[in-house]
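Numbering (this note's numbering), first residue to last: 139 to 223.
Note that CB positions come from ideal geometry on N, CA and C, so glycine has one too.
Okay, structure coming up:
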């Protein structure tokens, strides 16, 4: 998993695959429905405890991996730094 948006998408897809609504998942986890929505929309900034409880409820886990960086293509670099004529 990567960005908050990607994590949110994975959480949403898994929740739906399990047949849960956000309300039902809120009832199962004691996490407010608004918080679940924030996670699924990539806007969650709360505690890891809440995030971990939600992942446990939908049988997902959080994996920490080294960050990857992609360098831009040389043509893109030229375009970015091209001066206006």
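The alpha helix (DSSP H) enclosing residue i, as first and last residue numbers
i           : result
residue 146 : 142-155
residue 181 : Where residue 181 is concerned, there is no enclosing alpha helix (DSSP H), given that its DSSP letter is neither H nor E.
residue 219 : 212-219
residue 165 : 160-167
Reduced DSSP category for residue i - H, G, I as helix; E, B as strand; rest coil
i           : result
residue 188 : helix
residue 174 : helix
residue 209 : coil
residue 198 : coil
Close beta carbons around residue i, own chain, < 6 Å, minus the five adjacent residues each side
i           : result
residue 182 : 176
Exposed unless 16 or more other CB atoms sit within 10 angstroms - verdict on residue i
i           : result
residue 195 : buried
Notebook entry, point to check: Should the region 152-166 be regarded as contacting the region 189-203, the criterion being three or more beta carbon pairs within less than 8 Å?
Noted result: yes
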